[in-house]
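Per our numbering, residue -17 is the first one in the sequence shown, and the count goes up by one each step. Built from N, CA and C at the ideal position, the CB exists for glycine as well. The structure presented is a predicted model; accordingly, all values stated were derived computationally and were not measured.
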Amino acid sequence: MSIPDEHKSRHIYQFTHLENLPDILQHGLLSYNEKERRGISHISIASSSIQDRRAVMDVPVGPGGVVHDYVPFYFCSRSPMLLSVVNAKNVDQLYLLYLGVPIDVLALPKAVFTNASANTAVPPTFYSDPSDLANLDWANIDSKKWGSPSDDARHARMAEALIHRRLKVSKIDHIIVWNDMVKEKVEEIYAEADIDPPAIVFDGHRGRHFYYINFYDKGGRVSIVTGPICLRNQYEAAAKEVMETRSEESPDEAMFDSIEDAVDELDDDFCALPELAEINDLPTANQEHREDVGAHTRTVVDKLRNSDLFEALSDREKVLVEFAAYLHDIGKGKSPRDDQGRQRVDADHPARAISLVQRILTEDIETIDEEEVRQVILLVAYHDLIGDIVGKGRDRQQLLEVLECAEDFDMLAALNCADVESLIPEGGLARMISSHPGWLERIKAGLPDLRDWVLENLEDEE
């Protein structure tokens, strides 16, 4: 069986984490079940629910078995699956590689393919004859648009090529990388394995695009969302730079004597800080919010102060989390605007806030200690973390990478719950976020177990 002429120039693609490359070069591209059999552990990008489906989904053609018996590839270059993973803040795009393999591997007896993703409750159609490539939605697969007109179209765009058990690394004829730094790292890994590398190219190769870029940012190549490694680096660097700057020179004309004084002043004048003045009366295009950004911020502060989680905090912790509540959305002041002047939906606003909080803590607070600096930046940069873990599949391991004590968790939980509760209209009607019904209730119900897990693992690291 040969590949139809109209498709012979195509490639299939697998995206994987840079840290998986050494094992791939040593063992080849392996199916999930083959990696399990050999005891090889990779950084996984897929969600657990998807993996559960693939583990039991039968493949009725070719070598048979289940989807997890096959090495997976996509026909599309920019995968909707990657967008969902990036938006979940579980991966840094710059560390992702796309492995390009010529489509002629589908002529192998151990190759099968589908007309849609093998991630759904209802299986796609499986094929083993390359002539059936005509059944795929190529216009959709080749589309450069980020979105899809329907859920069915989204899954059709993610049609899969599946190679039973293993594929030799020699079949990889090019690798797409984020930048020169990653290219150099890939070359080093190949050199250490004593293997000649294939062509290492960048986004836009052969007119195809692979990554999700924030085109509104003019400062160079920027991911649509800051991943966990980069976010942690920014948070830690900001805390360090605040203390280094203050150790060299104390603020000459600080606006506030202390964080407690800052909270009192902001209670009286929300716009006392220019960063808050920027978001005051700022409309948002986010349909999950019923208020402008400034009004939402004041609601969060109010919800926080009236919560049981807040009452359980010490006086010191209360002041810190109140201040963080005022600052938690200042990153939206730097978010792009739509043609109506509204703040665009921006999952990256916590990362945008870090440099703004750094300025405030460096210049506007007369007296502040190192732990207060760390915790305020932590609370602002990660104010959405616990809610995202419960409602959006964010990896709970990120808590262990940034929290240092029980107090960190308790303040973060109080702020996160107040932020989510602010989205519920007065009267408590269950208008909860349409895509995440019962989100607040699930966060609160899961807090005790999540807190125990965090503290247990933090103790193990000591």
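Q. Would DSSP call Y52 helix, strand or coil?
A. Strand, per DSSP.
**Q.** Proximity winner among L338, V245, A219 and R298, relative to P256 (alpha-carbon distances)
**A.** Checking every option, the nearest Cα to that of P256 belongs to L338.
Q) Which class does D86 belong to by DSSP, given the choice of helix, strand or coil? A) DSSP places D86 in the helix class (H, G or I) of the three-state scheme.
Q) What's the call for P332, buried or exposed, on a 16-neighbour Cβ count within 10 Å? A) Counting every other CB atom within 10 Å of its CB across the protein chains shown gives P332 a total of 16 or more, marking it as buried.
Q) Can you give the Cα-Cα distance for S417 and P210, rounded to whole angstroms? A) Note that S417 scores a pLDDT of 45, beneath 50, so its modelled location is shaky; the value from the coordinates is reported in the next line. Straight-line spacing of the CA atoms in S417 and P210 works out to 23 Å.
(Q) Suppose you measure from the CA of P430 to the CA of T208; what does that come to, to the nearest Å? (A) As the crow flies, the alpha-carbon of P430 is around 28 Å from that of T208.
**Q.** Enclosing beta strand (DSSP E) for A93 [first to last residue]
**A.** From DSSP, the beta strand (DSSP E) with A93 extends over A93 to T96.
(Q) For T(-2), count the other beta carbons within 10 Å of its own beta carbon; 16 or more makes it buried, fewer makes it exposed. Which is it? (A) So T(-2) ends up on the buried side.
Q) Near L213, which residues of its chain fall below 6 Å by C-beta distance, leaving aside the five closest residues on each side in sequence? A) Short of 6 Å from the beta carbon of L213, and not among the five residues preceding or following it, lie these beta carbons of its own chain, in chain order: A333.
Q. When DSSP labels each residue in this structure, what does I415 get in the three-state scheme?
A. In this predicted model, I415 has a pLDDT of only 44, less than 50, meaning its place in the structure is not dependable enough to derive any value.
Q) In terms of residues, what are the limits of the alpha helix (DSSP H) holding A116? A) Segment: none, A116 is in no alpha helix (DSSP H) and carries neither H nor E.
Q: Ignore the nearest five residues each way along the sequence and tell me which others in G409's own chain have a CB closer than 6 Å to its CB.
A: Reliability fails at G409, whose pLDDT of 46 lies under 50, so the model's placement of it is uncertain and the value that follows must be treated cautiously. So no residue of the chain qualifies.
Q.
Using 9 Å as the threshold, is the C-beta distance between K17 and V87 below it?
A. Cβ distance not < 9 Å, so K17 and V87 don't count as in contact.
**Q.** Endpoints, the alpha helix (DSSP H) within which Q75 is located
**A.** Q75 -> no alpha helix (DSSP H), and no H or E assigned at all.
**Q.** Residue(s) in a DSSP beta bridge with F238
**A.** Bridge partners of F238 according to DSSP: I347.
Q: Tell me F(-3)'s beta-bridge partners as DSSP assigns them.
A: Under DSSP, F(-3) shares a beta bridge with Y80.
Q.
Short of 7 Å in beta carbon distance, which residues of its chain neighbour S(-16), apart from the five on each side in sequence? Order them along the chain.
A. Answer for S(-16): A89 and P112, listed in chain order.
Q. Is the beta carbon of E304 less than 9 Å from the beta carbon of V245?
A. Yes, Cβ-Cβ distance for E304 and V245 is below 9 Å.
(Q) Whole angstroms are fine: how far does the CA of K222 sit from the CA of H278? (A) Their Cα atoms are separated by approximately 30 Å.
Q: Specify the secondary structure class of R148 as computed by DSSP and reduced to three states.
A: Reduced to three states, the DSSP call for R148 is strand.
Q) Since Y109 sits in a beta bridge, which residues does DSSP pair it with? A) Looking at the DSSP assignment, Y109 forms a beta bridge with F95.
Q.
Closer than 8 Å is the cut-off here; do at least three beta carbon pairs connect the region 138 to 146 with the region 94 to 110?
A. Enough Cβ pairs lie closer than 8 Å, so yes.
Q | Rounded C-alpha distance that separates R(-8) from I85 | A | Going from the Cα of R(-8) to the Cα of I85 covers about 6 Å.
**Q.** Host beta strand (DSSP E) of I182 (start-end)
**A.** Counting along the chain, the beta strand (DSSP E) containing I182 begins and ends at A181 to F184.
Q | N- and C-terminal bounds of the beta strand (DSSP E) containing H137 | A | Where H137 is concerned, there is no enclosing beta strand (DSSP E), although the alpha helix (DSSP H) it sits in stretches over D133 to R139.
Q) CB L65 to CB W128, shorter than 9 Å? A) A contact, by the Cβ cut-off of 9 Å.
Q) Cα separation between I158 and F292? A) The alpha-carbon separation between I158 and F292 amounts to approximately 47 Å.
Q) What did DSSP end up calling A333 once you bin it into helix, strand or coil? A) A333: helix per DSSP, three-state reduction.
(Q) From the DSSP secondary-structure annotation, give me the bridge partner or partners of T266. (A) In the DSSP output, where bridge partners are listed per residue, T266 has Q325.
Q.
Assuming H156 is part of the beta strand (DSSP E), what are its boundary residues?
A. Per DSSP, H156 belongs to the beta strand (DSSP E) from H156 to V159.
**Q.** Supposed close pair H310, D176 - CB separation, criterion 8 Å
**A.** Contact doesn't hold; Cβ gap of about 50 Å is too wide.
Q) From L440 to L432, what distance separates their C-alpha atoms? A) Distance between the alpha carbons of L440 and L432 is about 12 Å.
**Q.** Per-residue burial, E438 [other beta carbons within 10 Å of its own, 16 or more giving buried]
**A.** Around the beta carbon of E438, fewer than 16 other beta carbons sit within 10 angstroms, so the residue counts as exposed.
Q) In the structure shown, what three-state DSSP assignment does L295 receive? A) Per DSSP, reduced to three states, the secondary structure at L295 is coil, with no helix or strand assignment.
Q) Which of helix, strand or coil does DSSP assign to D40? A) Look at D40 here: in three-state DSSP terms it is strand.
Q. Apart from the five residues just before and just after I415, which ones in its own chain have a Cβ nearer than 7 Å to its Cβ?
A. Only weak support is given to the placement of I415: the predicted model assigns it a pLDDT of 44, under 50, and the question is left unresolved by the model.
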